[in-house]
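Asker: Residue numbers for the sequence shown, in mature numbering (1 follows the signal peptide of the UniProt record, and there is no 0): -35 to -1, 1 to 97.
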Amino acid sequence: MLRSNDAVTAFSSIASRRAVLAALVAVTWSAAASAQQQPAQPVQQQFQPSAEWGKLPKMVLERQFAGPLQDTVIQRLRDPVDGTICYLYLPISAPHSPPTATGFVQYGPNIIGSINCVPGPPSATAPVPRKP
């Protein structure tokens, strides 16, 4: 049987837990609301563009398919060195800036576009003969 002191202690414990939970919800909610109101900071470029872009190795375009949405494509690319296969999903056209002084363009925001890569098939080498 609960004594009156036990009931008060249990009530204050539950009340304090609820108060802490309510405070956490309020803080989380206000932080989320302020995060939505703040403008997005521009993403800083993590690498320096090179004027040597034209000299970079190219992947081989093996096939092109119609994408699931109109005016999108899926391209199958293969790395000629290690055989990695990549599927690239992208729009047929994307707006971009005029070329910069370094010759690069900056693409605008895009809500579609992704890449997925898998290792290529193992090389077809002759099996090592077993010793009798």
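Ideal Cβ positions, reconstructed from N, Cα and C, are used throughout, including at glycine.
Counting only the same chain and skipping the five closest in sequence on each side, list residues whose C-beta sits under 7 Å from that of G32.
Answerer: Position 67 of the sequence shown, counting from 1, holds the residue named residue 32. Contacts found: V38, I39 and Y54.
Asker: Please name the residue or residues paired with V38 in a DSSP beta bridge.
Answerer: Taking the sequence shown and counting its residues from 1, one reaches residue 38 at position 73. Note: V38 sits in a beta bridge opposite A31 and L55.
Asker: Among V25, A59 and S58, which one has its Cα closest to the Cα of D44?
Answerer: Residue numbering aside, residue 44 sits at position 79 when the sequence shown is read from its first letter. The option with the nearest alpha carbon to D44 is V25.
Asker: Based on Cα-Cα distance, which residue from P74, K96, I50 and H61 lies nearest to H87?
Answerer: Against the sequence shown, residue 87 aligns to sequence position 122. Sequence inspection shows Pro at residue 87; the His mentioned does not correspond to that position. Answer by Cα proximity: I50.
Asker: Assuming the contact rule is C-beta atoms closer than 8 Å, D36 and P60 should be a hit. Round their C-beta distance to whole Å, please.
Answerer: Taking the sequence shown and counting its residues from 1, one reaches residue 36 at position 71. Taking the sequence shown and counting its residues from 1, one reaches residue 60 at position 95. Actually they are not in contact, since the Cβ atoms of D36 and P60 sit about 13 Å apart, beyond 8 Å.
Asker: Within the continuous beta strand (DSSP E) that includes S79, where are the two ends?
Answerer: The count along the sequence shown starts at 1 and reaches residue 79 at position 114. Note, S79: beta strand (DSSP E), S79 to V83.
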